[in-house]
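Colleague:
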Amino acid sequence: MQAEKINPTNENKSPFDEGASTRIKVGAGNGIRPPLIKSTPIIGPIKQFTGDVLPFLAETRKTYGDVFRMRMLGFEMTCICGPDAIALMENDDILCTTKSMKVLQKAIKSRLPMTFDGPQHKIYRKAHSNFLNRKLERAKRDEIIGCLSQQTDQWRPGDTFDALKETQSQTVQVLSQLLNREPFPFSREDLSKVIHTLFFATYGHVPMWLALNNPAYKSAQKRMNEHFLELVGKVRADPDLAAETMVGQYLSCPPPEGTDHWEDDDLKIVPLMAYLAGFDTVASAAAFFLYRLLSHPEHLKKVRDEYRKLSQESDGNIDPMDQKFLRAAFQETVRITPPGALVIRYATQDFQFAGYTIRKGDEVLIQISGDHLDEELFPDPTRFDPSRFLGKGASNLKRHVLAFGSGSHRCTGAMIGPLITQEMVSYWVNHYDFELVPKGAKPRVVARPFTQPMDLKIRVVGRRVI
Numbered sequence: 027m028q029a030e031k032i033n034p035t036n037e038n039k040s041p042f043d044e045g046a047s048t049r050i051k052v053g054a055g056n057g058i059r060p061p062l063i064k065s066t067p068i069i070g071p072i073k074q075f076t077g078d079v080l081p082f083l084a085e086t087r088k089t090y091g092d093v094f095r096m097r098m099l100g101f102e103m104t105c106i107c108g109p110d111a112i113a114l115m116e117n118d119d120i121l122c123t124t125k126s127m128k129v130l131q132k133a134i135k136s137r138l139p140m141t142f143d144g145p146q147h148k149i150y151r152k153a154h155s156n157f158l159n160r161k162l163e164r165a166k167r168d169e170i171i172g173c174l175s176q177q178t179d180q181w182r183p184g185d186t187f188d189a190l191k192e193t194q195s196q197t198v199q200v201l202s203q204l205l206n207r208e209p210f211p212f213s214r215e216d217l218s219k220v221i222h223t224l225f226f227a228t229y230g231h232v233p234m235w236l237a238l239n240n241p242a243y244k245s246a247q248k249r250m251n252e253h254f255l256e257l258v259g260k261v262r263a264d265p266d267l268a269a270e271t272m273v274g275q276y277l278s279c280p281p282p283e284g285t286d287h288w289e290d291d292d293l294k295i296v297p298l299m300a301y302l303a304g305f306d307t308v309a310s311a312a313a314f315f316l317y318r319l320l321s322h323p324e325h326l327k328k329v330r331d332e333y334r335k336l337s338q339e340s341d342g343n344i345d346p347m348d349q350k351f352l353r354a355a356f357q358e359t360v361r362i363t364p365p366g367a368l369v370i371r372y373a374t375q376d377f378q379f380a381g382y383t384i385r386k387g388d389e390v391l392i393q394i395s396g397d398h399l400d401e402e403l404f405p406d407p408t409r410f411d412p413s414r415f416l417g418k419g420a421s422n423l424k425r426h427v428l429a430f431g432s433g434s435h436r437c438t439g440a441m442i443g444p445l446i447t448q449e450m451v452s453y454w455v456n457h458y459d460f461e462l463v464p465k466g467a468k469p470r471v472v473a474r475p476f477t478q479p480m481d482l483k484i485r486v487v488g489r490r491v492i
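For the sequence shown, the numbering used here assigns the number 492 to the last residue and increments by one with no breaks.
1) What does the alpha-carbon distance come out to for the pair Leu224 and Glu389?
2) For the beta strand (DSSP E) holding Met98, just list the boundary residues, first then last.
3) Please name the residue, chosen from Leu298, Ala268 and Gln378, that lies closest to Pro211 on a Cα-to-Cα basis.
4) Report all residues from its chain with a CB closer than 6 Å to the CB of Phe254; omit the five preceding and five following residues, and keep chain order.
5) Could you pull the start and end residues of the alpha helix (DSSP H) that Ile171 belongs to?
6) For Phe94, I'd like the list of residues in its chain whose CB is within less than 8 Å of its CB, leaving aside the five on either flank, ordered along the chain.
7) With respect to the alpha helix (DSSP H) encompassing Arg334, which residues constitute its N-terminal and C-terminal limits?
8) Going by beta carbon distance, what residues of the same chain come within less than 6 Å of Gln275, once the five residues before and after it are set aside?
9) How about Pro407 and Thr477: are their beta carbons less than 9 Å apart?
10) Looking only at C-alpha atoms, which of His222, Glu449, Pro81 and Pro109 sits nearest to Asp92?
11) Which residue wins for smallest C-alpha separation from Asp179, given the options Trp454, Lys51, Arg49 and Arg151?
12) Whole-angstrom Cβ separation of Gln199 and Cys173, contact assumed at under 8 Å?
13) Are Asn456 and Asp168 touching if we call contact CB-CB under 9 Å?
14) I need the boundaries of the alpha helix (DSSP H) containing Val530, first residue and last residue.
15) Please state if the CB of Lys424 and the CB of Phe415 are separated by a distance shorter than 9 Å.
16) May I ask which residues mark the beginning and end of the beta strand (DSSP E) holding Pro479?
17) Let me confirm a value: Ala56 is counted as buried when at least 16 other C-beta atoms fall within 10 Å, else exposed. Which label applies?
18) In the DSSP assignment, find the unbroken alpha helix (DSSP H) run with Leu293 in it and report its ends.
19) Give the list of continuous beta strand (DSSP E) stretches no shorter than 3 residues that lie fully inside the region 177-230.
20) I'd like to confirm the pairing. Which residues does DSSP put opposite Ile50 in its beta bridges?
21) The alpha helix (DSSP H) spanning Phe254 covers which residue range?
22) Would you kindly check if the distance between the Cβ of Pro346 and the Cβ of Ser452 is under 9 Å?
23) Of the residues Leu352, Ala113, Tyr150 and Gly230, which one's Cα is nearest the Cα of Gln279?
24) Identify, in the order they occur along the chain, each residue of the same chain with its Cβ nearer than 8 Å to the Cβ of Gln349, setting aside the five sequence neighbours on each side.
25) Using a Cβ-Cβ cut-off of 7 Å (strictly less than) and excluding sequence neighbours within five positions of Pro444, which residues of its own chain qualify?
26) DSSP state of Met441, grouped into three classes?
27) Could you give the first and the last residue of the continuous alpha helix (DSSP H) run that contains Leu368?
28) Mind checking which residues open and close the alpha helix (DSSP H) that includes Thr124?
29) Once the 5 residues before and after Met140 are set aside, which same chain residues still bring their CB inside 8 Å of it?
30) Assuming Arg436 and Leu121 form a contact by the criterion Cβ under 8 Å, report the distance between their Cβ atoms to the nearest whole angstrom.
31) Return the chain-ordered list of same chain residues with a C-beta closer than 7 Å to the C-beta of Asn251, the five sequence neighbours on each side being excluded.
32) Run through DSSP, which three-state label would Leu238 get?
33) Among the candidates Pro412, Gly396 and Ile446, whose CA atom is the shortest distance from the CA of Val427?
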């Protein structure tokens with residue numbers, strides 16, 4: 027392990043309450059930097075970091091402790107783990123998103139990303155929470171199922187599809203209808219190009235001009251901007267449409283500081299956010315979920331038996347909240363392969379974590395998945411066992427699975443996203459039989475930046491009779 031020292035500054039008390047851990051303190055303290063992990067010179071642990079990152083992080087934590095540094099291609103990141111790391115993220119005093127949001131602001135040409143830190147963020151989060159919740163899913167359940175039915179009606183026995191691409195396509199169709207009140211107006215390929223280019227520009231340590239200079243990206247982004255500006259105009263002109271769209275929720279809130287009204291350019295990012303939020307996270311969770319059930323027929327049978335029983339007792343579409351085993355299987359899926367194992371923040375000042383100094387401006391990776399493979403919490407942690415989340419102690423275990431973040435920057439779709447995932451996979455497996463191609467296949471797990479199953483092929487065997 028390597029350690030380096032910086033000049034210490036006056037140490038202040040922790041920004042947390044008196045009951046908080048003393049391992050977090052403001053100020054440089056002794057100036058000793060976190061240990062630098064051993065890795066390949068220059069490129070660093072890039073293969074592990076962009077692959078199945080959760081086991082890599084778990085092993086690195088065992089070796090170096092709750093805080094360590096990584097260098098990849100000349101860039102340095104500090105990873106923090108454990109309850110104190112979660113406390114830092116939830117407190118939000120000395121970590122922020124501002125640096126990455128500045129890049130997104132310039133890329134999109136909207137002031138809205140710069141409100142993600144500061145007092146207005148709480149106002150906009152409340153608007154999200156009041157809209158993107160269980161009430162919306164309940165009210166639009168028939169629409170959601172209708173959308174899934176329309177998308178799957180084209181399937182025929184023998185059809186083979188890529189699980190991730192299919193879940194992405196169906197996810198954005200549902201989100202577009204729910205949040206923008208329109209059919210998804212673009213191709214999956216165009217959306218993928220725009221979203222992944224924006225992620226790369228924001229978090230990929232590449233000059234923005236280089237990341238955004240791809241002609242395919244520029245063409246797709248131009249079409250999207252034009253469409254979203256048109257959508258914003260429609261929402262402004264129609265109070266009923268405003269009440270049912272995410273754009274309308276923002277129009278009911280104060281505009282960004284420094285202006286007395288909402289500009290269309292500021293609002294055009296809102297419809298895109300509906301896709302940014304779910305294209306990789308919800309879709310990845312759904313693809314992994316389908317894979318886990320097809321790989322464990324004994325658990326798939328329980329999901330189907332539960333659905334059949336509920337169908338016999340219901341006159342309408344099944345409430346995903348009533349599908350207890352399905353929800354437990356989903357929880358176990360995102361425990362083993364969470365869509366996001368890490369979140370990125372930037373230090374607003376020098377502070378100490380577990381006896382080491384993190385400097386102002388450092389890029390800090392918070393491992394929100396730090397407990398997911400904890401052998402004390404989850405014996406035999408890589409085994410897929412939905413029963414962990416059923417019965418006594420299940421509520422406590424669920425608190426250790428943070429698949430969609432935590433704190434003031436927790437994904438605002440953390441309630442409705444899992445419900446959509448569960449409804450999608452439930453609809454698929456209860457209306458169709460599938461098989462992995464080839465039989466027993468395992469996906470290649472990558473993190474770019476969200477954890478995704480690549481090259482996972484699924485074959486439609488035929489329709490099921492419920």
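Beta carbons are placed, not taken as given, at the ideal position from N, Cα and C, and that holds for glycine.
Modeller: Inspection of the coordinates gives the following:
1) As a first step, residue 224 is located in the sequence shown; it is residue number 198 there, counting from the start. As a first step, residue 389 is located in the sequence shown; it is residue number 363 there, counting from the start. Each residue's alpha carbon lies about 18 Å from the other.
2) Residue 98 sits at position 72 when you count from the first residue of the sequence shown. Start and end: Val93 to Met98.
3) Within the sequence shown, the letter at position 185 stands for residue 211. Nearest of Leu298, Ala268 and Gln378 to Pro211, Cα basis: Leu298.
4) On the sequence shown, position 228 is the one that residue 254 refers to. The answer, listed in chain order, is Lys294 and Pro297.
5) Residue 171 sits at position 145 when you count from the first residue of the sequence shown. Its alpha helix (DSSP H) spans residues Arg167 to Thr178.
6) Mapped onto the sequence shown, residue 94 falls at position 68. Counting only Cβ-Cβ distances below 8 Å, and skipping sequence neighbours, we find Pro60, Pro61, Leu62, Ile63, Thr86, Arg87, Thr104 and Cys105.
7) Taking the sequence shown and counting its residues from 1, the one referred to as residue 334 is at position 308. From DSSP, the alpha helix (DSSP H) with Arg334 extends over Pro323 to Glu339.
8) Position 249 of the sequence shown, counted from the first residue, corresponds to residue 275. Around Gln275: Ala153 and Phe157.
9) As a position in the sequence shown, residue 407 is number 381, starting the count at 1. As a position in the sequence shown, residue 477 is number 451, starting the count at 1. Not in contact: Pro407 and Thr477 (Cβ atoms no closer than 9 Å).
10) For the purposes of this step, residue 92 is taken as the residue at position 66 of the sequence shown. With distances taken between Cα atoms, Asp92 lies closest to Pro109.
11) Residue numbering aside, residue 179 sits at position 153 when the sequence shown is read from its first letter. Checked all of Trp454, Lys51, Arg49 and Arg151; the closest Cα to Asp179 is Trp454.
12) Reading the sequence shown from its first residue, position 173 is the one you call residue 199. Reading the sequence shown from its first residue, position 147 is the one you call residue 173. That belief holds up - the Cβ atoms of Gln199 and Cys173 are roughly 5 Å apart, short of 8 Å.
13) Counted from its first residue, the sequence shown places residue 456 at position 430. Counted from its first residue, the sequence shown places residue 168 at position 142. It is not a contact, given that the beta carbons lie outside the stated cut-off.
14) In this structure the chain extends from 27 to 492, so residue 530 is not present and cannot be described.
15) For the purposes of this step, residue 415 is identified with residue 389 of the sequence shown, where counting begins at 1. For the purposes of this step, residue 424 is identified with residue 398 of the sequence shown, where counting begins at 1. For Phe415 and Lys424, yes; Cβs fall inside 9 Å.
16) Here residue 479 is taken as the residue at index 453 of the sequence shown, counted from 1. Run containing Pro479: Thr477 to Met480, per the beta strand (DSSP E) assignment.
17) As a position in the sequence shown, residue 56 is number 30, starting the count at 1. Reading off the sequence shown, one finds Asn at residue 56, where the question assumed Ala. So Asn56 counts as exposed.
18) Your numbering for residue 293 matches position 267 in the sequence shown. Unbroken alpha helix (DSSP H) run through Leu293: Asp290 to Leu293.
19) 186-188
20) As a first step, residue 50 must be located in the sequence shown, where it is residue number 24. Looking at the DSSP assignment, Ile50 forms a beta bridge with Phe379.
21) If you number the sequence shown from 1, residue 254 lands on position 228. Run containing Phe254: Pro241 to Ala263, per the alpha helix (DSSP H) assignment.
22) What you label residue 452 is simply residue 426 of the sequence shown in a count that begins at 1. What you label residue 346 is simply residue 320 of the sequence shown in a count that begins at 1. Closer than 9 Å, so yes.
23) Along the sequence shown, one-based indexing puts residue 279 at 253. Checking the sequence shown, residue 279 turns out to be Cys, not Gln. If we check each option's Cα against that of Cys279, Tyr150 comes out closest.
24) Locating residue 349 in the sequence shown gives position 323, where the first residue counts as 1. Cβ within range, chain order: Val329, Glu332, Tyr333, Leu336, Gln448 and Ser452.
25) The residue labelled residue 444 in the question sits at position 418 within the sequence shown. Phe356.
26) As a position in the sequence shown, residue 441 is number 415, starting the count at 1. Residue state, collapsed to three classes: coil.
27) On the sequence shown, position 342 is the one that residue 368 refers to. Leu368 -> not in any alpha helix (DSSP H); beta strand (DSSP E) instead, spanning Leu368 to Ala373.
28) Residue 124 sits at position 98 when you count from the first residue of the sequence shown. Taken as a continuous stretch (DSSP letters only), the alpha helix (DSSP H) holding Thr124 covers Thr124 to Ile134.
29) Stepping through the sequence shown from its first residue, residue 140 is reached at position 114. Taken in chain order, the residues that qualify are Thr124, Met127, Lys128, Gln131 and Pro282.
30) Residue 436 sits at position 410 when you count from the first residue of the sequence shown. Residue 121 sits at position 95 when you count from the first residue of the sequence shown. Going by Cβ atoms, the distance from Arg436 to Leu121 rounds to 14 Å, so no, they are not a contact pair.
31) Position 225 of the sequence shown, counted from the start, is the residue given in the question as residue 251. Closer than 7 Å at the Cβ level, and outside the excluded window around Asn251, lie Lys294.
32) Residue mapping note: residue 238 aligns to position 212 of the sequence shown, counting from 1. Correct three-state label for Leu238: coil.
33) If you number the sequence shown from 1, residue 427 lands on position 401. When only C-alpha atoms are compared, the closest one is Gly396.
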